[in-house]
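Trainee:
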Amino acid sequence: MTLSKATRINSAAEAVSVAHDLAVDFAVGALTGIVADVTTTLRPVDGHFQIDGTKFYCTGSLFADVFAVLTRLDDPGNESGLPPDDYIAYVPADSAGIRVIDDWDGLGQRTTGSGTVRFDGVVARRDQLVPRAGAVNAATGYGAFAQLLHAAIDAGIARGALEAAARVVRAHSRPWFEAGVARAIDDPLLIQRFGELTVAAAEAQLVAAGVAVDATITGGGSADPAAASAKASLSVATAKILADKAANEVSSGLFEVSGTRSATAGLNLDHYWRDARTHTLHDPVRWKYQHIGRAQLHGEPPPLHGVI
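When you number the sequence shown by full-length UniProt numbering, it's gap-free, plus one each residue, and the end is 308.
Shown next, in the form of structure tokens:
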């Protein structure tokens, strides 16, 4: 989790609120620099706690000021007095025992700093620990908000790829001889393909999902927070499905409509596809269909695990 050194907390009440929100955001994967590996242990040692473990995919680790480390309490004798649970430990990135390794070699999203982080006897105080259980077990809009961010990234990649394709066709592409036209932009089959490579539906659903999430987080006058939260999650799930499809189809179709020049390294158009293909793996969109279908057929609300 990347926390700015400029962050200021002005009261105890604000501190509690910020701690809760950060815990929720961490648990649902909304922020960067996340170290979420429940094999990482938290043990009481000499009046403090010690963190040990390794996280192999830690987005934002190269740029983080503070790490939010999901740990499992290893305290069979209850020496700490803490209830058995997973805890999120907020520790400065420059703490002794933290080793950040720049080994992220993904085909896309190359500047996200998603490398390995190792924790070897990292010290944490009790006031740096937040129980994970309360972060995802309540009907809030935080899980939907986190997923909305990912859907927005995918929709943005799709829009960027579509606009890049149009620029290349206007400036560089030549029409296929059978089209009988002088310019590629007048080729009827090319025009049709651009019509098929649509991003508008994903963007429209993204806006609708954002409205639903806002209503959940702000209250929106709903007498049933659980129903509002479920509605927001399902709306965001739909946005994620459409954005995932648009990002992958448009970033790939870009080459089809732009011709051979689009495959040259100098134009660097492949970064749209690489980024889309990598980021849409963030969580399996196939489960979005499941939750939407269960809601439609059985009236079953989506689960409260923070990634729907």
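Even glycine gets a Cβ: it sits at the ideal position worked out from N, Cα and C.
#1: Hey, would you say LEU197 sits closer than 8 Å to GLU163, going by beta carbons?
#2: At the level of alpha carbons, what is the spacing between ALA93 and PHE63?
#3: When the distance is taken between beta carbons, is CYS58 closer than 8 Å to VAL123?
#4: Got a sec? Which residues, its chain only, sit under 6 Å from ALA13 by beta carbon, not counting five neighbours each side?
#5: Can you tell me where the beta strand (DSSP E) holding PRO188 begins and where it ends?
#6: Can you tell me whether VAL199 is helix, strand or coil according to DSSP?
#7: Does the Cβ-Cβ distance between GLN147 and HIS279 come in under 8 Å?
#8: Quick check: the Cα distance between ALA227 and GLY143, rounded to an integer number of angstroms?
#9: Quick check: what's the CA-CA separation for ASP127 versus PHE56?
#10: Cβ atoms of LEU234 and ALA155: under 8 Å apart, would you say?
#11: Given a cut-off of 8 Å on the beta-carbon distance, is the pair ALA295 and PRO301 in contact?
#12: What residues are listed by DSSP as bridge partners for GLN128?
#13: If the criterion is Cβ atoms closer than 8 Å, does the pair ALA184 and ARG174 meet it?
#14: By a C-beta neighbour count over all protein chains shown, 10 Å radius and 16 as the cutoff for buried, is ILE191 buried or exposed?
#15: What does a CB cutoff of less than 8 Å around LYS5 pick up in its chain, not counting 5 residues either side in sequence?
#16: Please classify LEU269 as buried or exposed, where buried requires at least 16 other C-beta atoms within 10 Å of its C-beta.
#17: What does the alpha-carbon distance come out to for the pair VAL24 and ILE88?
#18: Grab me the residues of ALA246's own chain with a C-beta within less than 6 Å of its C-beta, minus the 5 sequence neighbours each way, in chain order.
#19: Would PHE119 and VAL69 be called neighbours here (beta carbons separated by less than 8 Å)?
#20: Buried or exposed, going by whether 16 or more other CB atoms sit within 10 Å of the CB of GLY33?
Mentor: Taking the definition as stated:
#1: Taking the sequence shown and counting its residues from 1, one reaches residue 197 at position 197. Taking the sequence shown and counting its residues from 1, one reaches residue 163 at position 163. No, the Cβ-Cβ distance between LEU197 and GLU163 is not below 8 Å.
#2: Residue 93 sits at position 93 when you count from the first residue of the sequence shown. Residue 63 sits at position 63 when you count from the first residue of the sequence shown. Straight-line Cα distance between these residues: approximately 9 Å.
#3: Stepping through the sequence shown from its first residue, residue 123 is reached at position 123. Stepping through the sequence shown from its first residue, residue 58 is reached at position 58. The answer is no: Cβ separation not under 8 Å.
#4: For the purposes of this step, residue 13 is taken as residue 13 along the sequence shown, with counting starting at 1. Below a pLDDT of 50, predicted positions are generally treated as unreliable, and ALA13, at 42, falls in that range; the measurement from the model is reported next regardless. Excluding residues within five positions, none has a Cβ falling inside 6 Å.
#5: The count along the sequence shown starts at 1 and reaches residue 188 at position 188. No beta strand (DSSP E) holds PRO188; the alpha helix (DSSP H) holding it covers 188 to 196.
#6: Indexing the sequence shown from 1 puts residue 199 at position 199. Looking at VAL199 - three-state DSSP - the assignment turns out to be coil, as it is neither helix nor strand.
#7: In the sequence shown, residue 147 corresponds to position 147, counting from 1. In the sequence shown, residue 279 corresponds to position 279, counting from 1. Taking 8 Å as the Cβ cut-off, GLN147 and HIS279 do not qualify as a contacting pair.
#8: Here residue 227 refers to the residue found at position 227 when the sequence shown is read from its first residue. Here residue 143 refers to the residue found at position 143 when the sequence shown is read from its first residue. Roughly 14 Å separates the two Cα atoms.
#9: Residue mapping note: residue 127 aligns to position 127 of the sequence shown, counting from 1. Residue mapping note: residue 56 aligns to position 56 of the sequence shown, counting from 1. Each residue's alpha carbon lies about 26 Å from the other.
#10: Mapped onto the sequence shown, residue 155 falls at position 155. Mapped onto the sequence shown, residue 234 falls at position 234. Cβ distance not < 8 Å, so ALA155 and LEU234 don't count as in contact.
#11: Position 295 of the sequence shown, counted from the first residue, corresponds to residue 295. Position 301 of the sequence shown, counted from the first residue, corresponds to residue 301. Cβ atoms of ALA295 and PRO301: closer than 8 Å.
#12: As a working note, residue 128 is residue 128 in the sequence shown. The partner list for GLN128 (beta bridge, DSSP) is empty, contrary to what the question assumes.
#13: Within the sequence shown, the letter at position 184 stands for residue 184. Within the sequence shown, the letter at position 174 stands for residue 174. Yes. Within cutoff.
#14: Taking the sequence shown and counting its residues from 1, one reaches residue 191 at position 191. ILE191 is exposed by the Cβ-count criterion.
#15: The count along the sequence shown starts at 1 and reaches residue 5 at position 5. Bear in mind that a pLDDT of 39 at LYS5, under 50, signals an unreliable position, so the number given afterwards is only what the model happens to contain. ASP65, listed in sequence order.
#16: Indexing the sequence shown from 1 puts residue 269 at position 269. With 16 or more other Cβ atoms within 10 Å, it is buried.
#17: In the sequence shown, the residue the question calls residue 24 occupies position 24. In the sequence shown, the residue the question calls residue 88 occupies position 88. Low confidence applies to VAL24: its pLDDT is 47, below 50, so where it sits in the model is not reliable, and the reading given next is rough at best. For VAL24 and ILE88, the distance between alpha carbons rounds to 10 Å.
#18: The count along the sequence shown starts at 1 and reaches residue 246 at position 246. Counting only Cβ-Cβ distances below 6 Å, and skipping sequence neighbours, we find ALA158, VAL199 and ALA202.
#19: Position 119 of the sequence shown, counted from the first residue, corresponds to residue 119. Position 69 of the sequence shown, counted from the first residue, corresponds to residue 69. Yes.
#20: Here residue 33 is taken as the residue at index 33 of the sequence shown, counted from 1. Legend: pLDDT at GLY33 = 45, less than 50; position of this residue unreliable, no value from coordinates given.
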